[in-house]
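Each remark here refers to the structure printed beneath this line.
Residue numbers (UniProt numbering): 1 to 355.
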């Protein structure tokens with residue numbers, strides 16, 4: 001009986017022909033994981049399935065006893081193993097199909113592509129406390145001219161670096177006070193952050209020595225903004241507009257309200273969005289949230305919000321899982337994966353398949 005090692009002897013032109021027959025990203029990744037020679041053929045050029053129709057994956061929390069992570073496939077409603085990632089014990093954050101990995105001591109940050117394993121070193125000796133989220137200005141797969149913006153120190157600080165920078169630059173370095181930000185994103189060639197009060201701020205970073213934030217839209221009125229620990233605000237671009245999504249947790253009930261950021265008149269009164277139409281939102285706590293046109297993807301529900309839910313009970317452990325909120329009937333549905341452990345509560349990441 002031949003050993004599995006003999007698969008590496010398969011002629012490369014034949015391996016490429018086989019790779020090109022695979023239209024499902026999951027099968028393509030599994031093919032590339034067989035051996036090193038097959039991995040060299042599992043490239044963007046040989047994938048004929050089309051990235052525009054590849055459903056977002058959910059990266060699941062790290063399991064004890066294994067160095068590999070699992071991905072949850074919405075179309076097939078099952079998990080598969082993502083091998084070859086050296087991220088055991090690292091914190092992960094996602095944006096535009098890429099990850100930032102953070103070492104245990106928070107000193108080393110690396111950009112990592114989870115599917116082809118490409119790594120890009122970021123400036124060493126990150127001098128700030130643990131990061132909470134990040135956003136990319138553009139995918140490093142498409143350009144070498146990109147900017148990385150991170151939110152760190154319990155959501156209180158912002159820092160960025162451009163490709164090939166040798167150090168990180170703080171935003172509002174001279175500013176005193178207790179800043180707190182819920183989320184950040186990149187929209188129309190600028191980084192935006194959403195602070196604890198629901199104000200939208202733009203990051204002016206053209207001159208690194210004067211990098212600062214400034215308010216461009218005032219805070220959401222109190223009746224639509226809750227400043228307690230059971231509320232989370234997200235920034236997400238959808239069909240050319242910037243949205244604020246408010247998620248409220250009360251016991252095991254989850255409520256949503258969606259608003260379009262009123263850049264033109266700064267008036268939130270008429271900015272609530274009741275229907276997302278054919279769009280679907282994917283919310284990330286530790287990374288960039290994003291939206292897709294649902295009709296282009298099998299297994300994705302339109303007019304819905306996919307998110308990581310934390311469920312709490314006085315007589316149960318905290319748990320976390322994937323939920324879908326339908327904006328039409330205003331109901332939530334716990335789907336697919338669920339881990340009943342508080343240590344994994346923040347570890348789910350939606351990721352957009354890319355090369």
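Even for Gly, the Cβ is constructed at its ideal location relative to N, Cα and C. The structure displayed is predicted, hence computed values, not measured ones.
Select from 245, 219, 247 and 255 the residue whose C-alpha is nearest the C-alpha of residue 265. The shortest C-alpha separation from residue 265 is found at 219.
Local Cβ density within 10 Å of residue 103, reported as buried at 16 or more and exposed below that: Result: exposed.
Could you check what DSSP says for residue 374 in three-state terms: helix, strand or coil? Residue numbering for the chain in the displayed model covers 1 to 355; residue 374 lies beyond these limits and cannot be assessed.
Residue(s) in a DSSP beta bridge with residue 268: Note: residue 268 sits in no beta bridge, so no partner.
Quick one: what does DSSP say residue 16 is sitting in, helix, strand or coil? Helix at residue 16.
How would you label residue 314, buried or exposed, when you count the other beta carbons within 10 angstroms and need 16 or more for buried? Because the pLDDT at residue 314 is just 33, under 50, the model does not fix this residue reliably, and the value given afterwards should be weighed accordingly. An exposed status is given to residue 314, since fewer than 16 other beta-carbon atoms sit within 10 Å of its beta-carbon.
When DSSP builds the beta bridges, which residues end up paired with residue 133? Under DSSP, residue 133 shares a beta bridge with 151.
Is residue 159 buried or exposed, if buried means 16 or more other CB atoms sit within 10 Å of its CB? Result: buried.
In the DSSP assignment, find the alpha helix (DSSP H) that holds residue 38 and state where it starts and stops. Start and end: 36-39.
Just how far apart, CA to CA, sit residue 20 and residue 34? Rounded to whole angstroms, residue 20 to residue 34 spans 16 Å at the Cα level.
Heavy atom of the ligand MN within 7 Å of residue 237 beta-carbon: The ligand MN is not part of this structure, which contains no ligands at all.
Do residue 356 and residue 305 have their C-beta atoms within less than 8 Å of each other? For the chain, the structure presents residues 1 to 355; residue 356 sits outside this window and is missing.
Apply the 10 Å Cβ neighbour rule to residue 348 and answer buried if 16 or more other Cβ atoms are within range, or exposed otherwise. By the 10 Å Cβ count, residue 348 comes out buried.
Could you pull the DSSP bridge partners for residue 326 from this structure? Under DSSP, residue 326 shares a beta bridge with 304 and 331.
Compute the Euclidean distance between the alpha carbons of residue 120 and residue 110, then round it to the nearest angstrom. Per the coordinates, the alpha-carbon of residue 120 lies some 6 Å from the alpha-carbon of residue 110.
Check each candidate in 307, 273, 272 and 269 and name the one with the smallest Cα separation from residue 282. By alpha-carbon distance to residue 282, the top candidate from 307, 273, 272 and 269 is 307.
The beta strand (DSSP E) spanning residue 184 covers which residue range? Element bounds for residue 184: 181-187.
So what does residue 220 bridge to, in DSSP terms? None; residue 220 has no bridge partner.
For residue 249, I'd like the list of residues in its chain whose CB is within less than 6 Å of its CB, leaving aside the five on either flank, ordered along the chain. So the qualifying residues of the chain are 230.
Should residue 130 be labelled buried (16 or more other beta-carbon atoms within 10 Å of its own) or exposed? In this structure residue 130 is exposed. Its beta-carbon is surrounded by fewer than 16 other beta-carbon atoms within 10 angstroms.
Does the distance from the CB of residue 135 to the CB of residue 57 come in under 8 Å? Contact: no.
What would DSSP say about residue 294, mapped onto helix, strand or coil? Assignment of residue 294 by DSSP, reduced to helix, strand and coil, places it in the helix class.
How about residue 291 and residue 278: do their beta carbons lie closer than 8 Å? Their beta carbons are not under 8 Å apart, which means residue 291 does not touch residue 278 by this criterion.
Tell me which residue opens and which closes the beta strand (DSSP E) that residue 72 is part of. Start and end: 69-73.
Run of the beta strand (DSSP E) containing residue 285, from where it starts to where it stops: For residue 285, there is no enclosing beta strand (DSSP E), as DSSP marks it with neither H nor E.
DSSP puts residue 94 in a beta bridge; with which residues? In the DSSP assignment, the residues bridged to residue 94 are 99 and 287.
Using the three-state DSSP reduction, which class does residue 204 fall into: helix, strand or coil? Reduced to three states, the DSSP call for residue 204 is strand.
Judging by CA-CA distance, which residue of 194, 213 and 195 is the nearest neighbour of residue 203? In terms of Cα proximity to residue 203, the closest of 194, 213 and 195 is 213.
Between the CA atoms of residue 61 and residue 286 - distance to the nearest angstrom: Those two C-alpha atoms are separated by around 13 Å.
Keeping to the same chain, check which residues put their C-beta closer than 7 Å to that of residue 166; ignore five residues upstream and five downstream. Contacts found: 123.
I need the DSSP call for residue 168, collapsed to helix, strand or coil. In the three-state reduction of the DSSP assignment, residue 168 falls in the coil class.
How big is the Cα-Cα spacing for residue 206 and residue 247? For the pair residue 206 and residue 247, the Cα-to-Cα distance works out to about 33 Å.
State yes or no: is the C-beta of residue 185 within less than 8 Å of the C-beta of residue 233? Cβ distance not < 8 Å, so residue 185 and residue 233 don't count as in contact.
If you compare alpha carbons, which of 208, 181 and 80 is closest to residue 28? The shortest C-alpha separation from residue 28 is found at 80.
Could you have a look at residue 238 and say whether DSSP puts it in helix, strand or coil? Judged by DSSP in its simplified three-state form, residue 238 adopts strand.
Can you check DSSP and say which residues form a bridge with residue 192? Secondary-structure assignment with DSSP links residue 192 through a beta bridge to 185 and 202.
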